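Colleague: Chains as they are written, first to last, in the working numbering: chain A, 8 to 190; chain B, 9 to 182. All C-beta atoms, glycine included, are put in the ideal place defined by N, C-alpha and C. Here the structure is a predicted model, which means the values were calculated and not measured. Attaching a single structure in structure tokens format; questions to follow.
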Amino acid sequence: MNVILIILVAIPFAVVLMNAALNRAARRWSSLPGPHTTPFVTGALVNGTAVPLLTFASAQPGDGIADTLFGSLYALSYVNCVVFLNWFVFSVTDVSMHVHLLVEIHRHGTIRPEELHALYNKSAIIEARLPRLLELRQLRLEDGRLYVRGSAVLLGARLLVPLRRILGIPPRPQDAQDPATAH
Amino acid sequence: MTTAFVLGFALFCACWLIHVAIWRIRRPAAYPLWLPLIFYALPLLVVLVVISAGGQPLLLSRVDGFSIAAAALLHVVISLSYMCGYAGVIEYSPSAEILRAVRTHMPQGVPLEALRVDSLTDEFLVGKRIRHLRSSRLVRSDATGFRLTGAGEAVVTACRWYRAVLGVTGHGRG
């Protein structure tokens, strides 16, 4: 059983190292997916290896179907939370507006508010996201026109709406821009 | 693993229900402090109280040490995932709003230069975040403009270091 605990602690490090290896391979061979896709490839690989390994390692003699099922549920929950955290931490360093503002201020040492606004504003934020949405196949660009392609991001956003309602948070940004309801 | 899964998941659910109850009474602005208190400090406090009240032998007679450790690990990663995901709950995704704006033009699509995302504003996207950074003491402001505090510099350095570990060059576009 100690082996299982060691495997559980090792999984986060393995996920980061696997993602790092994929990113380095992608830089060398440009036909491979970019850094916004490699966390998902990493997730698929880790699910294919760590989940069966954990399920097998945790199986005890005399375990019934229910025990095996719970073992699999544990492995799936743990591994996919780690996979999510790996994606999330990279995303924060890449797409977080908070972090980008810090980086821009860091680059300039001192920057006036109007200069910062000229560098980073709504247009810049939208322009930064379009290539990522194209890479993630959520959008398609054809003859200069944008089309919705995938639904994963929109589905994720839709799933957050009931959670916002439960927590008493305005469901859409236009609702939150009312100062009475804003965070 | 059955006990570990049930215990770990039940612990997360119990903390989540406390989180919802508090949020429905009054949603705290300092959620980066409140969420770890609810999901980590509170269970630890309960465990310490149980141990100090002499409840440890009773607990360990029902659940083995391995199951407790595995349950704790599961609770840690699920809670951490939730706390990280919470930022996505309160900070509306510009990507989702872009996709919604494009979807209103389907099936004919929208010219790239004609794309408008009216649900987002400069103040909502940038102004609000500058205020967050200042209230978090990562940025300070004086007559010459904005500059980073030591904590702000540490965040930038940590991001650069992590991206180097991940094999991703440069900084993101935000």
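(1) What does A:M25 touch in chain B if you count any residue whose Cβ is under 9 angstroms from its own?
(2) Just by C-beta distance, which residues in the segment 108-134 of chain A are closer than 7 angstroms to chain B?
(3) Starting from B:S144, trace the beta strand (DSSP E) in both directions and tell me its first and last residue.
(4) Assuming B:L1 and B:E105 are in contact, meaning their beta carbons sit under 8 angstroms apart, how far apart are those beta carbons, in whole angstroms?
(5) Taking CB distances under 9 angstroms as the criterion, tell me whether A:R179 reaches chain B.
(6) Per DSSP, what kind of secondary structure is B:E99 in: helix, strand or coil?
(7) Quick one: Cα of B:L56 to Cα of B:A78, how far?
(8) May I ask you to list, following chain order, the residues of the segment 141-169 of chain B that have a beta carbon less than 7 angstroms from some beta carbon of chain A?
(9) Compare the C-beta of A:P42 with all C-beta atoms of chain B and state if any pair is closer than 9 angstroms.
(10) If the criterion is Cβ atoms closer than 9 angstroms, does the pair A:L174 and B:W169 meet it?
(11) Any beta carbon from chain A within less than 9 angstroms of B:R35's own beta carbon?
(12) At the level of alpha carbons, what is the spacing between A:F95 and A:I13?
(13) For the candidate residues A:G157, A:L15 and A:D182, whose alpha-carbon lies nearest to that of B:L81?
(14) A:F91 versus chain B: which residues are under 7 angstroms apart at the beta carbon?
(15) Going by DSSP, which residues form a beta bridge with A:R152?
(16) Could you work out which residue in B:L156, B:W24 and B:S87 is closest to B:L146 when comparing CA atoms only?
(17) If we cut at 9 angstroms on Cβ distances, does B:T177 have a partner in chain A?
(18) Work out the CA separation of B:Y94 and B:Y48 for me, nearest whole Å.
(19) Work out the CA separation of A:F91 and A:V166 for me, nearest whole Å.
(20) Which residues in chain B sit within 9 angstroms of A:S84, going by Cβ to Cβ distance?
(21) Using a Cβ cut-off of 9 angstroms (strictly closer), state whether B:Y48 contacts chain A.
(22) Taking just the CA atoms, how far does A:G78 sit from A:I72?
(23) Taking only beta-carbon positions, decide if A:A28 is within less than 9 angstroms of chain B.
(24) Find the residues of chain B that neighbour A:A17, judging by a C-beta separation of less than 8 angstroms, and give them in chain order.
(25) Please report the residue range of the beta strand (DSSP E) in which B:F154 lies.
(26) Closer than 8 angstroms by beta-carbon distance: list the chain B residues that pair up with A:A73, in chain order.
Modeller: Checking against the coordinates, here is how it stands:
(1) Correct list: empty, because the minimum Cβ distance to chain B is about 11 angstroms.
(2) L108, L109, V110, I112, H113, G116, T117, I118, R119, P120, L123, H124, Y127, N128, K129, I132 and I133
(3) Per DSSP, B:S144 belongs to no beta strand (DSSP E) and is neither H nor E.
(4) Any question about residue 1 of chain B goes unanswered here, given that chain B covers just 9 to 182.
(5) yes
(6) coil
(7) 19 angstroms
(8) L141, L146, V147, T152, G153, F154, R155, L156, G160, E161, V163, V164 and C167
(9) yes
(10) no
(11) yes
(12) 24 angstroms
(13) A:L15
(14) S89
(15) A:E149 and B:P119
(16) B:L156
(17) yes
(18) 16 angstroms
(19) In the sequence on display, residue 166 of chain A carries Leu and not Val. Each residue's Cα considered, the two are about 16 angstroms apart.
(20) F13, G16, F17, L82, V85 and I86
(21) no
(22) 10 angstroms
(23) yes
(24) Correct list: empty, because the minimum Cβ distance to chain B is about 12 angstroms.
(25) G153 to L156
(26) T10
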